[in-house]
Amino acid sequence: MSELEPPSEPELPTAYHRRLPYGERVPADPLLGNPLFAFDGDVRVVPLAEPVLPEPPRAGEPGGAPCPTCADPEGNAIWGDEQWLLKAGFEPSGLPMVALLVPREHYRLDNLPTELTASLGPVIQRIANAIRSIEGVGRTHFSRWGDGSDHFHIWFLARPLGMMQLRGAMLAVWDDLLPRVPDEEFRTNAQTVAAALTTTSGRPLGIAAG
4 MSELEPPSEP ELPTAYHRRL PYGERVPADP LLGNPLFAFD GDVRVVPLAE PVLPEPPRAG
64 EPGGAPCPTC ADPEGNAIWG DEQWLLKAGF EPSGLPMVAL LVPREHYRLD NLPTELTASL
124 GPVIQRIANA IRSIEGVGRT HFSRWGDGSD HFHIWFLARP LGMMQLRGAM LAVWDDLLPR
184 VPDEEFRTNA QTVAAALTTT SGRPLGIAAG
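Written out as structure tokens, the structure is:
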């Protein structure tokens, strides 16, 4: 390539990517006025960034940071059995419980063994019910966001009883906005969840074992 020629722009992979307004602020109107939107007033969406291709490696992938779960399997865990760990001992948050379910062995969703895949539904049900046993919890929400770590994980969030404004996807945002749960209540909630899970299998760990 001649020194006078400008560097070629990376080709965007699909028609979806090519039609997006990169560098522009898309309007926030679809969210404003929604009763579940957590913000009011003059809200501006950040400019849309262009895609990063190839994507940077996640933790646990070749070239990425070490997998934090594999480096410290029971770190921050409050319950575990032979297959799964529930991690909720990070630090107090704005919700009664924020927890992370991970398999003990390093797998992605696409290569999760049949045995683990078969047990995933029942363990999700058990954790959701255990979190609802915390006093003042109305429902348990759970979601999978897989952009941070290659190690398969599912997030669980406790929606406080009667807090109808906290329904839906904004629950994770409210977790960052609300006052932190006191330390003693944080430990009690972890012990409540671990005790409920232990009635079926596994044992309490970390702050839930005290």
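Each residue of the sequence shown is one higher than the one before, starting from 4 at the first, in my numbering. Using N, Cα and C, we set each Cβ at its ideal position, and we do this for glycine too. Since the structure is predicted, the reported quantities are computational estimates derived from the model, not experimental observations.
- Its Cα nearest to that of Phe155, the residue Thr120 stands out among Thr120, Val176, Asp179 and Val184.
- Nearest Cα to Pro163 within the set Asp153, Val176, Thr143 and Arg147: Thr143.
- Ranking Arg21, Asn37, Arg28 and Leu56 by CA distance to the CA of Val49 puts Arg28 first.
- Counting the other Cβ atoms within 10 Å of the Cβ of Asp153 gives 16 or more, which makes it buried.
- Boundaries of the alpha helix (DSSP H) harbouring Ala199: Asp186 to Thr201, taken from the DSSP string.
- Sequence-distant partners of Gly124 (beyond 5 residues in either direction) whose C-beta falls short of 8 angstroms from its own C-beta are missing from its chain.
- According to the DSSP assignment, Trp148 belongs to no alpha helix (DSSP H), since it is labelled neither H nor E.
- For Gly124, the uninterrupted alpha helix (DSSP H) run begins and ends at Thr117 to Arg135, by DSSP.
- Taking a cut-off of 8 angstroms on C-beta distances, the stretch 69-78 does not touch the stretch 130-148, as fewer than three cross pairs fall below it.
- Assigned with DSSP and collapsed to three states, Ala74 falls in helix.
- Pairwise C-beta distances place the stretch 168-175 in contact with the stretch 31-42, as three or more of them are shorter than 8 angstroms.
- With contacts defined by Cβ atoms closer than 8 angstroms, Gly97 and Leu180 form a contacting pair.
- Where Arg21 is concerned, the enclosing alpha helix (DSSP H) starts and stops at Ala18 to Arg21.
- Close CB contacts of Leu23 within its chain, under the 7 angstroms cut and outside five residues either way in sequence, are with Leu51 (chain order).
- Between Val184 and Pro95, the gap from beta carbon to beta carbon is short of 8 angstroms.
- As DSSP reads the structure, Val48 sits in no beta bridge.
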